[in-house]
Structure formats: C-alpha cells, structure tokens
Amino acid sequence: MLNQVKGFSTTFRHLFQKPITQQYPEYKRPVYPRFRGRHQLHRHENGLEKCVGCSLCAAACPSDCIRVVPAENTPDNRVSAGERHARIYEINMARCIFCGYCELACPFDAITLGNDFELSEISRDALVYTKSMLLEKPALRTPSQAVDPYDVPSQEMERVLGMYDITTATNPEGAE
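Residues 0 to 175 in numbering that gives the first Met the number 0 are what the sequence shown spells out, letter by letter.
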C-alpha cells in the first residue's frame with residue numbers, strides 16, 4: 000500500500016508541471032552547431048567537384064557504408080580539379096553511424112555532415128544516397144566569376160608559411 004502511495008505522489012507531482020515534449024512537426028528544436036546529420040558533397044566556386052575519388056573517406060568509415068569508384072578526368076569532360084573524380088559515390092545511410100570520420104579523413108573538404116536530420120524513407124533502397132543526391136547544387140555564375148581552386152590568396156599563403164620554419168635553405172648540420 001505504501002508503494003502505491005509513493006507512485007501516485009510522483010504522478011500527482013508531475014501532473015502540474017509543464018510538459019517536456021514538443022509538438023515536433025510544428026515546432027522544431029534548433030540544431031546545435033556541432034550536430035552531424037545528412038552528408039553533403041561540395042563543389043569549388045567554379046562548379047568543379049571537390050571530391051577527387053581518393054577513397055580515404057571509405058577507408059576511414061568504421062561501418063563500411065561509403066563506396067567510391069574513381070575514374071580519370073578527361074580534358075573534354077573535366078569533373079573535378081584533380082586527375083581523377085568519383086564516378087560512383089554512394090553512402091548507405093542505413094549503415095551510417097554519423098561518426099564524422101569521413102569528414103575528418105577528406106583532405107579536400109569535399110564531404111561534410113550537415114544539419115538535416117529528417118532522413119526517414121519508406122524503403123531501404125531509398126537510404127542508399129547516390130552522388131547526385133549528395134552533391135550541393137552548383138552556384139549560378141558567369142565565367143567571369145569563376146575562381147581557380149588552386150589560386151591561393153597571398154595572405155593565406157603567408158599565414159600557412161608562417162607556421163613553418165623555412166628561413167634556412169641549407170642542409171641541417173651533420174647531413175651530407
């Protein structure tokens with residue numbers, strides 16, 4: 000009998016408190032800055048893809064959900080800024096654990112995890128995101144606005160070179 004009274008007292012105490020739940024579709028909670036959601040492949044400002052098909056993201060993935068099939072760039076069909084591009088890029092979102100290792104492994108910042116968390120689908124096949132689903136839409140630019148991805152501003156170059164001691168061009172002592 001005493002246990003039942005304790006249970007009812009807990010229920011009665013919470014009866015007059017403000018509810019914690021929110022009406023989700025109508026009121027969405029803000030997404031935190033470090034939230035890891037849906038993947039996105041990025042492009043350079045000139046429209047070329049940043050992904051060069053190196054497959055480092057697939058190698059870093061602990062759940063083995065990324066598949067990259069590289070292909071060579073041709074002069075008449077240039078897809079990325081490098082020698083290669085990802086001909087096939089797929090992420091199986093049903094297997095992804097959203098750890099962010101793919102984002103950390105990418106040397107070109109081609110893939111990031113965004114803020115989109117509404118990833119439910121009707122079938123499992125729809126959870127395999129292809130390259131066209133992951134690529135951000137190209138910016139509409141005129142050719143005069145296109146930027147060379149290898150053109151590094153001098154201030155940025157000075158900042159990077161300042162991190163290293165490159166004052167001496169001679170051999171270190173003891174080296175022959």
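Using N, Cα and C, we set each Cβ at its ideal position, and we do this for glycine too. No experiment lies behind these values; they were computed from the predicted model shown.
> Okay, do the stretch 13-31 and the stretch 85-96 touch, 3+ Cβ pairs below 8 Å being the bar?
Replying inline: no
> Cβ of Tyr128 within 8 Å of Cβ of His38?
Replying inline: Position 129 of the sequence shown, counted from the start, is the residue given in the question as residue 128. Position 39 of the sequence shown, counted from the start, is the residue given in the question as residue 38. In contact: Tyr128 and His38 (Cβ atoms closer than 8 Å).
> Taking just the CA atoms, how far does Leu1 sit from Ile96?
Replying inline: One-based indexing of the sequence shown puts residue 96 at position 97. One-based indexing of the sequence shown puts residue 1 at position 2. Using only the alpha carbons, I get a separation of about 45 Å.
> In whole angstroms, what separates the C-alpha of Ser143 from that of Thr73?
Replying inline: Here residue 143 is taken as the residue at index 144 of the sequence shown, counted from 1. Here residue 73 is taken as the residue at index 74 of the sequence shown, counted from 1. Summary for Ser143: the model assigns pLDDT 44, below 50, so the residue's position carries little reliability, and this model does not support an answer.
> Who are the Cβ neighbours of Ala104 in its own chain at under 6 Å, not counting the five residues just before and after it?
Replying inline: Counting from one through the sequence shown, the residue named residue 104 turns up at place 105. Correct list, in chain order: Leu55, Cys56, Ala59.
> How far does the alpha helix (DSSP H) with Thr111 in it reach, from first residue to last?
Replying inline: As a first step, residue 111 is located in the sequence shown; it is residue number 112 there, counting from the start. Taken as a continuous stretch (DSSP letters only), Thr111 belongs to no alpha helix (DSSP H), being part of the beta strand (DSSP E) at 110-112.
>> Using a Cβ-Cβ cutoff of less than 7 Å, which residues in the same chain neighbour Glu120 once the five nearest sequence positions on both sides are dropped?
In response: For the purposes of this step, residue 120 is taken as residue 121 along the sequence shown, with counting starting at 1. Leu126, listed in sequence order.
> Who are the Cβ neighbours of Glu102 in its own chain at under 7 Å, not counting the five residues just before and after it?
Replying inline: Taking the first residue of the sequence shown as position 1, residue 102 is located at position 103. Excluding positions up to five away in sequence, the list reads Ile110, Thr111, Leu112.
>> Could you tell me the alpha carbon to alpha carbon distance between Val51 and Asp108, rounded to whole angstroms?
In response: Sequence index remark: in the sequence shown, residue 51 carries index 52 (1-based). Sequence index remark: in the sequence shown, residue 108 carries index 109 (1-based). C-alpha separation (whole angstroms): 11 Å.
>> Residues in the same chain with beta-carbon distance under 8 Å from Phe116, minus the five sequence neighbours each way, listed in chain order, please.
In response: Against the sequence shown, residue 116 aligns to sequence position 117. Excluding residues within five positions, the ones whose Cβ falls inside 8 Å are Val30, Phe34, Gly36, Arg37.
> Where does the unbroken beta strand (DSSP E) through Asn91 begin, and where does it stop?
Replying inline: On the sequence shown, residue 91 is found 92 positions in, with the first residue counted as 1. Taken as a continuous stretch (DSSP letters only), the beta strand (DSSP E) holding Asn91 covers 83-91.
> Taking buried to mean at least 16 other C-beta atoms within 10 Å of its own C-beta, is Pro106 buried or exposed?
Replying inline: On the sequence shown, position 107 is the one that residue 106 refers to. Result: exposed.
> Along the chain, where does the beta strand (DSSP E) that runs through Glu71 open and close?
Replying inline: The sequence position of residue 71 within the sequence shown is 72, counting from 1. First-last of the beta strand (DSSP E) with Glu71: 65-71.
> In whole angstroms, what is the alpha-carbon distance linking Ser62 and Lys27?
Replying inline: Within the sequence shown, residue 62 is the residue found at index 63, counting from 1. Within the sequence shown, residue 27 is the residue found at index 28, counting from 1. Going by the C-alpha atoms only, they are around 29 Å apart.
> Between Glu44 and Arg83, what straight-line distance do the alpha-carbon atoms span, to the nearest angstrom?
Replying inline: For the purposes of this step, residue 44 is identified with residue 45 of the sequence shown, where counting begins at 1. For the purposes of this step, residue 83 is identified with residue 84 of the sequence shown, where counting begins at 1. Going by the C-alpha atoms only, they are around 18 Å apart.
> Nearest-angstrom Cα distance between Arg12 and Glu25?
Replying inline: Stepping through the sequence shown from its first residue, residue 12 is reached at position 13. Stepping through the sequence shown from its first residue, residue 25 is reached at position 26. Distance between the alpha carbons of Arg12 and Glu25 is about 28 Å.
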